[in-house]
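Residue numbers (our numbering), protein chains in the order written: chain A, 54 to 199; chain B, 54 to 199. Have a look at the structure below before the remarks.
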DNA sequence: TTCTCAGATTAGATTTAATCTAAACTTTTC
DNA sequence: GAAAAGTTTAGATTAAATCTAATCTGAGAA
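Following this line, the structure appears as structure tokens:
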């Protein structure tokens, strides 16, 4: 099946109309391994269609996050970063260079019922922090690695 | 021992001088159950000492986060929120009203060594999302609670 | 006790990121 | 085809955070 169809079905699964602007944002995120800012997404989408507005990109990102199709990661710096939730994973953020990297999913424990009280869980988000492979001291150094 | 001494030792444990402004920020967070924004912290601290500067509050929050004494939570809205890390806990953020609540700590699994690669872990952050006790449908409703 | 120096603060200006606005456009439904 | 609802637009505006260069403060050395 066509990648274009996949994006369209993904949007409609989230209850959103597949407008050209939404398609462009979603396609960019689904085809992008990194965690771009709203500005980076807007610039990419606006390069393809110069009429595309910054407010539209922000509106669409908001709608996509709300629909559960995109996740917002607050990493280093002021701007929010985004990635498509097409595969479950966790994030790792480097203390030194600020890089945001995907980590394979590992099951997250549910809080105890007593602790949860009357709340209704919908999702969880687990972020690990430390030093990335490039910023960590070399394996043979004396630094602890746990 | 005096609460004032506790705050001072907490700051010095993090390698930070105990200036009156830092003390004020830390004391506010340690005595505050909620998750205030930088602006709310500044207003509280500035009310006590009108010479205290907004930039100082921001600088000190940055230093406290970097020293591992305070945690930054990206909740609803644009402003970052903060809490003191005097006790390990997780957070819960309500989808509806945006409230940030503390949840008792539960142990977080370490990612598999294969998944971790050359990274060095320092910390983790687990956030649950859903509906808080006030926004969730009543217990007797048909709504699923998991 | 005084001096030096490094760390910290100041107060308002400035920048960055995100939102607002009101009109216009587009798509869906009747 | 018309109406209504959802969406987009482009630049203005707002909110949050940072910058600046001078000044202050406190710790350590002499």
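Idealized CB from N, CA, C, for every residue including glycine. These numbers come from a predicted model, not from an experiment.
Beta-carbon of residue i versus every beta-carbon of chain B: anything under 8 Å?
{"i": "residue 178 of chain A", "result": "yes"}
{"i": "residue 148 of chain A", "result": "yes"}
{"i": "residue 199 of chain A", "result": "Only weak support is given to the placement of residue 199 of chain A: the predicted model assigns it a pLDDT of 40, under 50, and the value that follows is read from those uncertain coordinates. Residue 199 of chain A counts as touching chain B."}
{"i": "residue 153 of chain A", "result": "no"}
{"i": "residue 77 of chain A", "result": "no"}
Pick helix, strand or coil for residue i, following the three-state DSSP scheme.
{"i": "residue 102 of chain A", "result": "coil"}
{"i": "residue 222 of chain A", "result": "The structure shown does not extend to residue 222 of chain A, since chain A is modelled only from 54 through 199, so no value can be given for it."}
{"i": "residue 64 of chain A", "result": "helix"}
{"i": "residue 155 of chain B", "result": "strand"}
{"i": "residue 86 of chain B", "result": "coil"}
{"i": "residue 122 of chain B", "result": "coil"}
{"i": "residue 69 of chain A", "result": "coil"}
{"i": "residue 134 of chain A", "result": "strand"}
{"i": "residue 198 of chain B", "result": "Only weak support exists for where residue 198 of chain B lies, its pLDDT of 44 falling under 50; the coordinates are left without a value."}
{"i": "residue 129 of chain B", "result": "coil"}
{"i": "residue 176 of chain B", "result": "strand"}
{"i": "residue 141 of chain B", "result": "coil"}
{"i": "residue 57 of chain B", "result": "helix"}
{"i": "residue 182 of chain B", "result": "strand"}
Using the rule of at least 16 other Cβ atoms within 10 Å of the residue's Cβ for burial, across every protein chain shown, is residue i buried or exposed?
{"i": "residue 213 of chain A", "result": "Nothing about residue 213 of chain A can be reported from this structure: the residues present for chain A run from 54 to 199 only."}
{"i": "residue 183 of chain A", "result": "buried"}
{"i": "residue 147 of chain A", "result": "buried"}
{"i": "residue 136 of chain B", "result": "buried"}
{"i": "residue 150 of chain A", "result": "exposed"}
{"i": "residue 72 of chain B", "result": "exposed"}
{"i": "residue 164 of chain B", "result": "buried"}
{"i": "residue 138 of chain B", "result": "buried"}
{"i": "residue 77 of chain B", "result": "buried"}
{"i": "residue 108 of chain A", "result": "exposed"}
{"i": "residue 75 of chain A", "result": "buried"}
{"i": "residue 189 of chain B", "result": "buried"}
Residues of chain A with CB under 7 Å from residue i, in chain order?
{"i": "residue 171 of chain B", "result": "186 and 189"}
{"i": "residue 132 of chain B", "result": "Simply none; closest approach about 11 Å."}
Residues of chain B with CB closer than 9 Å to the CB of residue i, please, in chain order.
{"i": "residue 175 of chain A", "result": "148, 181, 182, 183 and 184"}
Is the Cβ of residue i closer than 8 Å to any Cβ of chain A?
{"i": "residue 69 of chain B", "result": "no"}
{"i": "residue 80 of chain B", "result": "no"}
{"i": "residue 145 of chain B", "result": "yes"}
{"i": "residue 123 of chain B", "result": "no"}
{"i": "residue 64 of chain B", "result": "no"}
{"i": "residue 137 of chain B", "result": "no"}
{"i": "residue 56 of chain B", "result": "no"}
Strictly below 8 Å CB to CB, what residues from chain A border residue i?
{"i": "residue 73 of chain B", "result": "Within 8 Å Cβ-Cβ: nothing; residue 73 of chain B doesn't reach chain A, min ~28 Å."}
Residues of chain B with CB closer than 8 Å to the CB of residue i, please, in chain order.
{"i": "residue 60 of chain A", "result": "Simply none; closest approach about 25 Å."}
query = Any residues in the region 82 to 97 of chain B with a beta carbon nearer than 8 Å to a beta carbon of chain A? Which ones, in chain order?
reply = none
| said: Can you pull out the residues from the region 102 to 119 of chain A whose beta carbon lies closer than 8 Å to at least one beta carbon of chain B? | reply: Within the region 102 to 119 of chain A, no residue has a Cβ that lies closer than 8 Å to any Cβ of chain B.
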